[in-house]
Amino acid sequence: MFPLSDRKGYVMLQTMTTLAEIEAAVDALPSSEKQHLLLYVAASLQAHGSPLPDSQALSHEQQRFDWMAEDESAMRRFRQNP
Numbered sequence: 000m001f002p003l004s005d006r007k008g009y010v011m012l013q014t015m016t017t018l019a020e021i022e023a024a025v026d027a028l029p030s031s032e033k034q035h036l037l038l039y040v041a042a043s044l045q046a047h048g049s050p051l052p053d054s055q056a057l058s059h060e061q062q063r064f065d066w067m068a069e070d071e072s073a074m075r076r077f078r079q080n081p
């Protein structure tokens with residue numbers, strides 16, 4: 000659920016039931032909140048014993064984010080120079 004304010008200052012909650020609705024809500028977030036959400040989802044996956052997806056298994060659409068390539072590069076450098 001996410002809050003929607005009406006003109007009188009009341010807050011209404013709307014339930015998101017599809018991935019498309021969640022993605023649209025994420026698109027509306029500022030960058031800092033998207034980063035927080037990303038860390039939350041990663042921690043939630045880890046807490047439930049689910050592995051994080053291998054970046055090689057992600058679709059081309061998902062790989063368009065430059066930060067992923069930068070992160071992969073940084074991890075390779077880290078592993079090579081412990």
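Residue numbers (numbering that gives the first Met the number 0): 0 to 81. Backbone N, C-alpha and C fix where the C-beta goes; we use that ideal spot for every residue, glycine too.
8 angstroms or more divides the Cβ of L44 from the Cβ of L36.
For K33 against V25, the beta-carbon gap comes to about 6 angstroms, under 8 angstroms, which counts as contact.
Under the DSSP assignment, D26 falls in the alpha helix (DSSP H) whose first and last residues are 18-26.
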